[in-house]
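Residue numbers (our numbering): 1 to 434.
Ideal placement from N, C-alpha and C gives every residue a C-beta, glycine not left out.
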Ligand SMILES: [Zn+2]
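Shown next as structure tokens:
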């Protein structure tokens, strides 16, 4: 990848606008909200939309019934809508079964979820695999409800249908793949789901432009857990092509970046992103794998053990706004989305450029001055670093050490190592070996 491919030019605003466009849609793990979301992404990249019917066995799971919601509300004893799905789709517990009833306040409260510690926020709740219905509201609203009879309505359907996901493959020169995955199963939550979708969409757009890259890039826009399990179940024979992978989630808040390593712990993706973050001067954290989080749980289950790490800013459940109405359009920032995009882009660029070389003059050091290689660096302020880069590359290029190995061992920036390797290749001292 060359700097002209760089996403620069302030794309943060554009990323944020996609978050805002997707925000109002009522998504769940199945249903029309997923299709509508894929329709919007599909206007930017040529998505393939796939559907698998309810009841399909996928690994140890079964594709659930499809859920769609038209309306939902609670009317107080005077007939006023005190909770209204049209004000916020978080007001309904996802996967609520249809209900139309008149209930006393005490019974309504058994179906009402609040956050006492944040009395103005509405929680996000789901009930995918246990049949029931419920509403979510602010504690302040719940406290204000007078005694009496309440009319409740959930106008939903929970019926045989499909699980839907979107896939976009950018074919490269090789069939070896880089996987980028994000979940799209949450309703109006901006950081948790929309930020990842947005950064993944932009990466897909950028990679789809220009000449084919070395790797093929596969983007998955899938419902969390059941989506990745379904995809893995259907592609068990092909997952060996995945050489590197990244799950993007919660990448738009103001916090600094957090990278969670793959189960392998030292896969190239782990090393590449660690190198990029460490060299960038950004505040960041690199944490070890744990079997909790997003779809890396499935990609890194022991039967697959794919080299897939996970990039977030403030991780899963570690911010109070997580899974509440406060994860809104104010919580996500254009500059954070842009910053995440830049780190992803640089990391993918590193993986594209990372290869092994063979020193064609391995007996003793080749005479660099005679080949004009000292001359070519004379006067440059980083001349000393460039000379060290040459010596390291020539010394380590026995066909077994990649440029990333050399960058790590020499403690020099990967970009310098890669650029210097090209110079040495042009001088006839190196040949690519892998
Ligand atoms: Zn979530």
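query: Kindly provide the chain-ordered list of residues whose Cβ lies closer than 6 Å to any non-hydrogen atom of ligand 1.; result: 186, 192, 323
query: For residue 219 and residue 197, I'd like the C-alpha separation in whole angstroms.; result: 10 Å
query: Please report the residue range of the beta strand (DSSP E) in which residue 244 lies.; result: 242–248
query: Rounding to the nearest angstrom, what Cα-Cα distance links residue 333 and residue 193 in this structure?; result: 14 Å
query: Using the Cβ count rule (16 or more neighbours within 10 Å means buried), how would you classify residue 57?; result: exposed
query: From the DSSP secondary-structure annotation, give me the bridge partner or partners of residue 83.; result: 74
query: So, at 7 Å on beta carbons, what are the nonlocal neighbours of residue 361 in its own chain, with the 5 sequence-adjacent residues on each side left out?; result: 429
query: Consult DSSP for residue 53 and reduce its assignment to one of helix, strand or coil.; result: strand
query: List the endpoints of the continuous alpha helix (DSSP H) containing residue 196.; result: 196–207
query: Less than 7 Å between the CB of residue 136 and some heavy atom of ligand 3, yes or no?; result: In terms of ligand content, the structure shown lacks ligand 3 and carries ligand 1 instead.
query: When the Cα of residue 161 is compared with those of 416, 32, 319, which residue comes out closest?; result: 32
query: I'd like to confirm the pairing. Which residues does DSSP put opposite residue 159 in its beta bridges?; result: 66
query: Which value, in whole angstroms, describes the spacing of the CA atoms of residue 344 and residue 353?; result: 14 Å
query: Can at least three beta-carbon pairs, one atom from the region 260–269 and one from the region 228–235, be found at a separation below 8 Å?; result: no
query: Could you spell out where the beta strand (DSSP E) holding residue 122 opens and where it closes?; result: From DSSP, residue 122 is part of no beta strand (DSSP E); its letter is neither H nor E.
query: Nearest to residue 97 by CA position, among 88, 68, 251, is which residue?; result: 68
query: Let me know the secondary structure DSSP gives residue 191 once reduced to three states.; result: helix
query: Helix, strand or coil for residue 288? Go by DSSP, reduced to three states.; result: coil
query: Can you tell me whether residue 102 is buried or exposed, with buried defined as 16 or more other CB within 10 angstroms of its CB?; result: exposed
query: Have a look at residue 426 and residue 179 and give me their C-alpha separation to the nearest angstrom.; result: 32 Å
query: Tell me whether residue 266 sits in a helix, a strand or coil according to DSSP, three-state version.; result: coil
query: Taking its Cβ as the centre, do 16 or more other Cβ atoms sit within 10 Å of residue 347, making it buried, or is it exposed?; result: buried
query: In whole angstroms, what separates the C-alpha of residue 36 from that of residue 25?; result: 8 Å
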